[in-house]
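In our numbering, the protein residues as written are 623 to 761.
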Ligand code: HEM
């Protein structure tokens with residue numbers, strides 16, 4: 623794993639490590655008020671970013687485009703703003719950060735939709751690749 627897929631995975635691992643520590647602290651203190659922020663750190667920061675990383679690993683050509691770097695930047699900044707934003711909103715400290723973070727997080731998914739669409743021809747079905755290799759060997 624290298625390039626943008628590595629960075630998506632590395633960032634996702636950092637987010638889930640923080641998310642797990644946060645979960646342990648919540649469980650230990652019995653204070654679950656910020657559970658929604660913890661959940662988003664884990665589900666957007668870990669699950670979603672790791673899925674992006676797997677995609678770029680499976681379709682390396684998609685990760686070579688500048689759009690993939692923009693996607694990474696928007697997705698990571700989105701989580702960095704969304705999670706404290708939710709914590710602030712839940713605590714009654716204002717919703718602005720949560721709004722900005724959620725729009726960036728949505729933008730990251732829309733960018734990913736463009737990446738996936740642009741890379742549709744770069745995806746090779748394994749069975750088709752095997753047939754092609756077989757034809758090349760027999761030629
Ligand atoms: C060391 C690991 C973790 C610990 C100790 C932990 C702990 C907790 C605790 C104490 C709560 C609050 C439960 C409640 O109020 O009823 C919670 C909620 C939650 N956690 Fe975790 N968690 C961990 C990892 C994860 C991971 C990896 C994910 C997702 C991939 C996750 C997703 C959620 C979700 C969706 C909720 C519900 C939030 C809500 O009801 O608003 N957690 N967790």
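Beta carbons: idealized from backbone N, C-alpha and C, even for Gly.
* Asked: So, helix, strand or coil for residue 667, using DSSP?
  -> Locating residue 667 in the chain shown gives position 45, where the first residue counts as 1. Helix.
| query | Taking 7 Å as the cut-off, does the CB of residue 649 come closer than this to any heavy atom belonging to ligand 1? | reply | By one-based count along the chain shown, residue 649 stands at place 27. Yes, the Cβ of residue 649 comes within 7 Å of a heavy atom of ligand 1.
Using CA coordinates, which residue listed in 713, 682, 737 is at the minimum distance from residue 659?
Taking the first residue of the chain shown as position 1, residue 659 is located at position 37. Nearest option by C-alpha distance: 713.
If the criterion is Cβ atoms closer than 8 Å, does the pair residue 631 and residue 672 meet it?
Working through the chain shown from its first residue, we reach residue 631 at position 9. Working through the chain shown from its first residue, we reach residue 672 at position 50. A contact, by the Cβ cut-off of 8 Å.
| message | Rounded to whole angstroms, what is the Cα-Cα separation between residue 676 and residue 727? | response | Numbered from 1 along the chain shown, position 54 holds the residue referred to as residue 676. Numbered from 1 along the chain shown, position 105 holds the residue referred to as residue 727. Using only the alpha carbons, I get a separation of about 18 Å.
Say whether the region 632-643 touches the region 661-671, bearing in mind that this needs 3 or more beta-carbon pairs closer than 8 Å, one atom from each stretch. yes
Practice problem: Please go through the same chain and pick out, in chain order, the residues whose beta-carbon is closer than 6 Å to the beta-carbon of residue 674, but skip the five residues on each side of it. | Solution: In the chain shown, the residue the question calls residue 674 occupies position 52. Contacts found: 630.
Worksheet item: For residue 638, is the beta carbon positioned less than 7 Å from some heavy atom of ligand 1?
Response: On the chain shown, residue 638 is found 16 positions in, with the first residue counted as 1. Under cutoff, so the answer is yes.
Quiz item: Should residue 576 go down as buried or exposed, given a rule of 16 or more other Cβ atoms within 10 Å for buried?
Solution: Because residue 576 is not part of the residues shown, which for the chain are 623 to 761, the question remains open.
query = With contact counted as at least three CB pairs below 8 Å, one residue from each stretch, are the region 717-727 and the region 676-688 in contact?
reply = no
What does the Cβ neighbour count give for residue 708, buried or exposed, with the cut at 16 atoms within 10 Å? Taking the chain shown and counting its residues from 1, the one referred to as residue 708 is at position 86. Per the 10 Å Cβ criterion, buried.
| Proximity below 8 Å, CB of residue 695 to CB of residue 678 | Here the question's residue 695 lines up with position 73 in the chain shown. Here the question's residue 678 lines up with position 56 in the chain shown. No, they are not a contact pair.
Discussion item. So, with DSSP's three-state summary, where would you put residue 743?
Written reply: Here residue 743 corresponds to residue number 121 of the chain shown, with the count starting at 1. Of the three classes helix, strand and coil, the one that applies to residue 743 here is coil, per DSSP.
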